[in-house]
Each structure stands twice: as structure tokens, then as C-alpha cells.
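As you go down the protein sequences, you meet chains W and A in turn. Residue numbers for the first sequence follow my numbering, beginning at 1 and rising by one. Residue numbers for the second sequence follow my numbering, beginning at 366 and rising by one.
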Amino acid sequence: MTTIGTGAPTPATLPGRGGRPAGRHSITQRAARILRGREEPAWRAAARIASIVPLGALAFTLTVLAVKAWPAIRVNGAHFLTGTDWRPGSAYGAVVRTHGVAHPAGSSYGAWALIAGTLQTSAIAIVIAVPVSVGAAFALTERLPGWLARPLGLAIETLAGIPSVIVGLWGALTLGPFLAQHVYPFVAGHVPDVPVLRYFRGPTGHGEGLLTSGIVLALMIVPIIASTARDLFAQVPPLPKEGAQALGMTDAEVARWVTLPWVRSGLVGATILGLGRALGETIAVAMVSGSVIAIAPNMYGNMTTIAATIVSQLDSAATDGTGFATATLAEAGLVLAIISVVVNVLARRVIARSSRLGLPVGSAA
Amino acid sequence: MAWPASSVPTRAAGPESPLLDPVLQALDPDRDRPADILHATGLTLGFGSKTVVADIDAAFPRGTITALIGPTGSGKSTFLRTLNRMNDKVPGFRRHGDVRLDGSSIFTPDQDLLGLRRRVGMLFQRPNPFPMSIRDNVVAGVRAHRIARGKQLDVVAEQRLSQVGLWDAVKDRLRDSPFRLSGGQQQLLCLARALAVGPEVLLLDEPTSSLDPVSTETVENLLRSLTPALTLVIVTHNLAQARRLSHRTMFLFDGALVEHGTTEQIFESPREEHTQRYVTGRIG
Chain W
1 MTTIGTGAPT
11 PATLPGRGGR
21 PAGRHSITQR
31 AARILRGREE
41 PAWRAAARIA
51 SIVPLGALAF
61 TLTVLAVKAW
71 PAIRVNGAHF
81 LTGTDWRPGS
91 AYGAVVRTHG
101 VAHPAGSSYG
111 AWALIAGTLQ
121 TSAIAIVIAV
131 PVSVGAAFAL
141 TERLPGWLAR
151 PLGLAIETLA
161 GIPSVIVGLW
171 GALTLGPFLA
181 QHVYPFVAGH
191 VPDVPVLRYF
201 RGPTGHGEGL
211 LTSGIVLALM
221 IVPIIASTAR
231 DLFAQVPPLP
241 KEGAQALGMT
251 DAEVARWVTL
261 PWVRSGLVGA
271 TILGLGRALG
281 ETIAVAMVSG
291 SVIAIAPNMY
301 GNMTTIAATI
311 VSQLDSAATD
321 GTGFATATLA
331 EAGLVLAIIS
341 VVVNVLARRV
351 IARSSRLGLP
361 VGSAA
Chain A
366 MAWPASSVPT
376 RAAGPESPLL
386 DPVLQALDPD
396 RDRPADILHA
406 TGLTLGFGSK
416 TVVADIDAAF
426 PRGTITALIG
436 PTGSGKSTFL
446 RTLNRMNDKV
456 PGFRRHGDVR
466 LDGSSIFTPD
476 QDLLGLRRRV
486 GMLFQRPNPF
496 PMSIRDNVVA
506 GVRAHRIARG
516 KQLDVVAEQR
526 LSQVGLWDAV
536 KDRLRDSPFR
546 LSGGQQQLLC
556 LARALAVGPE
566 VLLLDEPTSS
576 LDPVSTETVE
586 NLLRSLTPAL
596 TLVIVTHNLA
606 QARRLSHRTM
616 FLFDGALVEH
626 GTTEQIFESP
636 REEHTQRYVT
646 GRIG
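(1) At 8 Å on the CB atoms, spell out the chain W contacts of A:Gly506, in chain order.
(2) Verify the CB distance criterion: does A:Leu612 have a CB-CB separation below 8 Å to chain W?
(3) Find out if the Cβ-Cβ distance for the pair A:Gly549, A:Ser580 is shorter than 8 Å.
(4) Examine chain W for any beta-carbon lying closer than 8 Å to the beta-carbon of A:Arg636, and answer yes or no.
(5) Just tell me which of W:Leu119, W:Val196, W:Gly189, W:Ile221 has its CA closest to the CA of W:Pro163.
(6) In angstroms with no decimal places, state the Cα-to-Cα distance between W:Val64 and W:Pro41.
(7) Taking C-beta pairs closer than 7 Å, name the residues in chain A that W:Leu239 reaches, listed in chain order.
(8) Decide if W:Val194 is buried, meaning its Cβ has at least 16 other Cβ atoms within 10 Å, or exposed.
(9) What are the boundary residues of the alpha helix (DSSP H) that A:Phe489 is part of?
(10) Is there a Cβ from chain A that is less than 8 Å from the Cβ of W:Gly243?
(11) At a Cβ threshold of 8 Å, is A:Arg514 touching chain W?
(12) For A:Ala509, go through chain W and note every residue whose CB falls closer than 7 Å to its CB, in chain order.
(13) W:Val258 versus chain A: which residues are under 8 Å apart at the beta carbon?
(14) Is the Cβ of W:Trp147 closer than 8 Å to any Cβ of chain A?
(15) Suppose you measure from the CA of A:Ser634 to the CA of A:Gly457; what does that come to, to the nearest Å?
(16) For A:Val417 and chain W, any beta-carbon pair shorter than 8 Å?
(17) Grab the span of the beta strand (DSSP E) containing W:Val191 for me, first residue to last.
(18) Should the region 272 to 284 of chain W be regarded as contacting the region 210 to 226 of chain W, the criterion being three or more beta carbon pairs within less than 8 Å?
(19) Should A:Ile499 be labelled buried (16 or more other beta-carbon atoms within 10 Å of its own) or exposed?
(20) Among all the DSSP beta bridges, which residues are the ones paired with A:Leu568?
(21) Residue range of the beta strand (DSSP E) that W:Arg97 falls in?
(22) Any beta-carbon of chain W closer than 8 Å to the one on A:Asn449?
(23) Classify A:Gln551: buried if its beta carbon has 16 or more other beta carbons within 10 angstroms, exposed otherwise.
(24) One question on the structure: do A:Gly620 and A:Gly440 come within less than 8 Å of each other, judged by their Cβ atoms?
(25) I'd like to know if the region 196 to 207 of chain W and the region 143 to 153 of chain W are in contact, where contact means that at least 3 CB-CB pairs between them fall below 8 Å.
(26) Between A:Arg558 and chain W, is any beta-carbon pair separated by less than 8 Å?
(27) Can you say whether W:Tyr92 is buried or exposed, counting buried as having 16 or more other CB atoms within 10 angstroms of its CB?
(28) Within 10 angstroms of its Cβ, does A:Leu568 collect 16 or more other Cβ (buried), or is it exposed?
(29) Under 8 Å between C-beta atoms, does W:Pro88 make it to chain A?
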């Protein structure tokens, strides 16, 4: 380590250090002195690289997917986005060529059911998870005493670390059957036959399907949204809340008029994080969706999502000697990636609009 | 903690009543109410095992401005915040003694806390606008108490913003964020918000300590114009401000009410040596 200092173009002493000989400074002091003057360019270079990496990774991912999916895009065309048939064709039959791309005779892929399933399960998950998470975060920061809030907060964060396969297993073996036996029949028998609620009527199945998938997804994203929301609530400065109390507002009114608006854009961000996770969640959904490539006729119907289909079909796709099934899965993956990006951009617009009041999250006013 | 009715001083009997003319007294709508709108008796406040202020007896005559002065840590803010029970939720807060608003205790179990705070408003050390538009800030309390709604809210907003002299500056951006206003304007906005619910007493916790001298003067003139309709209690570290603004001054030191009298008396002929040393700048 002693060689670090030799030949360094820094002066032997720093201003204000009283001209002590360099040798009497500790190694860290000497290292700091050497770094001074070089740290600014190094810092800038590091920042530049760091800012490019995520963008580059996104572009790279989309490009690779697009290249892999290109044969499927050419053959499937717009039908891929609107059709609901999913036929790999005969692996032993003739190979035909469309637009110069070889694929098994009789193969036809339409992913609308997968796209719809992805959006439906994610929407259900968000509808359930956002109120639950915000309520939990609010209770943790505002209502519960510290000795209770701390272990509960820890439990929520631990929940975020449970592998999704375990959540899926629990959903398939315990939650799904329980709901199908004790909850779904009751709900289906009691909701009125009106728009939207109509989808809660009809046959309730065996516990796999759309609603179970949505609930399992909600369970997986609650920790993400709740722990972010808790940190946001904790950042709201006390003074505006006191001001609201001093005006005679009740606790509920303080939450409604001050705390929630204060963190609104941050909550949207937390919701996007959760939504991203829900859109892409694979194995848990594959285990509780029923894995049927169709649009669920009601809330209890079997269905599947893009991610779940990719993981469950990858093995059999490899048996397609023309590689067309694999390309189709890549196309499905590309659609999923695009959905995620579009959702992100849209949500960012929402943030921009809702933070019109010029409130940086957690700013001290 | 009921106060014997006979000993409640009425305005007619109050030695420092601003209304001495018997005809005016007869016309005074408050004539049957106590002359002191707020009255603290034997008030001891603390957090946990620490006592912040001890055994304070103080009366606040209706329609006057009382300044609370004293060095940091003397318990001024704790005392002030007890007057509308803002300390209730602070962990470990304890209280002995009583505060009466118009003769009745504010600490009785059936006291409507929200109603109390509507009558006893508060302005804080730093502006604390809510994360909503300027107009919504002004009417936030009015909405919460359902005093007005719909179109009336716009009337209230204009009225209160005009009252604090902010209307011309913000009338074209009522829907904008209050956080782009200057600090002084934000504090005026908070004052308009506090006034909108029609309080009888306004508690001010160093309301100008974060403002520049010009904004401070604006706020002071405004506060002066609020009396005698309102009763003001103001905590301030600025002795000149206490002298300019207040009718009465209370000097707190180390948790005790050292001296309480007219502002002129406290500053010109203090009875206690401590007061003398503080108001002449030799301690604190």
C-alpha cells in the first residue's frame, strides 16, 4: 500500500493541514488525498455508464426478442394479436413455408387469450392489492404502536422474499380449493345479474382460474406496494398534518386531504412496481391458472397468461424441428415486454399529471 | 374541575376591560360571557417524567393580543399547544390543572375536540400548506366542518384571501400549487385557511420566524386588524414584535410563569428581576 503515494502529482500537504509531513498521515488520509482531483472525472464517467446501462439492457432485450421472434411475426401477422387459437401443428407432418418461413403444417397461433389473461389477472391483482397495501402501510405508520408496527413491517418485507413457486404451491393446494369450496359458491349465488358483477356468477370450478390467479398475484405484490407506501407515509412531514388537526380535521380527514395527496405520485410509482411484477409473474400463475389457452367465461374460468404459457410450453416448443414454436414463444415474450413498457410509460404520464401541484415526494414544505 | 360560577369574572367586572362605557357594555353581545375568553388555572404540563411548565395561572382577555415570551425551552410552545389540545397525541404528555374556554373546561370527556379546534385555531412556525390547490387550501377546514359547499366555497376563498391581502396576487392561479408561492404568501395562505372556519381564538407559534421583514410586517398588520373580533395568543422570540403587537405579555422562564401584565408594564417597569434582564437582552 505504501507505493500508492509515490509519484502522485498531489502536493505533499493539503491546505489547512499545517504542513505535516506526508508520512505521518494514515493510509486512508493519503488515499483520499491522491483521489482528490481525480474523483470528479471518475465520478462523471461512472455516472455516465450507470445511466446508459439500464437503457442499453432494455434495448438489448427487446432487440434479441424481436430478432428471435421475427419468423413468427412474419407468419402469424396481426392474427397473433387478435386470434384465440393456439395450434402447434403436427410435429410429424409436412413442413410448409409461408413468406419463406418453415413451419409445421396446420400450425396457427393467436395469443389474444394470453394477452387478455395477462391483463385480467394483473388488473384483479392491482384492484385487490392497492387498497390492502395502502391500508396496511397507513396502519403501520399512523395507527399501530411501534412495538407492534416494527415486527409487522418486518413480516411484510419477509413476505416479499418468499419464492413465487411456494406461493403458487400454496395457492394450488390450499387457497384455491378452500376458495372453491367455501367462498366462490357463496359469492356466485349471491351477486346480482348486472354488468361487471355478472362475471362473478356461473360455475365456480375447482379453485384454479382467473380469480384465484388474481388473488395469488395480489398476495405477491402487496409486500412490494405496502413496504414502499409505508416508507412514503413515513416521509410526510408532520407540520401539514398538524395543521390539518389544528383545523379540526378528524384522523380520517387528515389522511384523505393531507397524507394521501402528499404521497400520491409515489403511490402510483409503487403500484407500477407491483403491476410490473404481476404482469410478468410466471410460475405461481402457471400453477393456479388452470393452464387453458382460452378467455375465461367468468371469474372462475380456467385461463392462462403470456408468462405462464411461455414457461409451460417451452419444452414442447423445442420439439418443433422448424423452430417456429420457439419463435412464436419469443413473439409472445416480445408482446409481454411491450405491454410492460407501455404500462410503465402510461403510468408515468399519470404521475406527471397527478403531481401537477408541484409536490416532490417526501419534500419538506 | 368545575369553576364556581360566582368567581367567573365577567367583562363588566374585569378591571382591564376595553369597554368601560356602560351603554356599550349593555350592547356588548359578549357581556354575559367571561371577560377572559381563555383561562388557564394551575396548569402543569410535562412529557414523561419531565415537567415542562408548572402551575401556570393565566387569563387571556377577549379581543386582545397576548405575547408569550421567554427563552427556548421555557415551555411557551407546550403551553400554547395545550390551549387547543394539540399535545393530546404526543406520547407521554401529561397535564394537571385546567383550561377554560368561555368558562367551560376544554378537557371534559365530552368536549368535542374538533369543535374546540374550530373555535381555537392555530398558525404554525413555518407555513404548512396542504398538497392541494391554493383555493382548496383556504376552504379545507370549511369543507371538513361542512360550513359551506359548492359555489359558496369560492365565495369563502375570495373573502378570506382578500382579508389576508393575498387575493390580487393569487386570483389568477387559484388552481395552482401553493408550494410555488413565496414563504410569506404561504404563511398568509395558512392564515386565511385558519380564519376561514371562523375561530374565536387564534394561537400563533412564532408565525413570522421564517419570514423576511417585509412579510413579517404584513402579517403583523394583519394580526392587529383581527382584534378585537378575535383573541390572539402569540409565541415569539422577537421582543420587538411582542412590544409592537401585543396588549399583554407573559414572560415564561424555565417552566414557570414569571410575570404577566400589560405589555407596557412588562417592558417598561418589570416587577421581577428575571423579566428585567430578559426584556433588556441580558439573558436568553
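Every residue, glycine too, gets a C-beta built ideally from N, C-alpha and C.
Result, derived from the coordinates:
(1) Leu247, Gly248, Met249
(2) The residue asked about is misnamed: residue 612 of chain A is His in this sequence, not Leu. It does not; no Cβ of chain W falls within 8 Å.
(3) yes
(4) no
(5) W:Ile221
(6) 33 Å
(7) Phe489, Arg491, Asn493
(8) exposed
(9) A:Phe489 -> no alpha helix (DSSP H), and no H or E assigned at all.
(10) yes
(11) no
(12) Leu247, Gly248, Met249, Glu253
(13) Phe495, Pro496
(14) no
(15) 39 Å
(16) no
(17) Where W:Val191 is concerned, there is no enclosing beta strand (DSSP E), given that its DSSP letter is neither H nor E.
(18) yes
(19) buried
(20) A:Met487, A:Val598
(21) 95 to 98
(22) yes
(23) buried
(24) yes
(25) no
(26) yes
(27) exposed
(28) buried
(29) no
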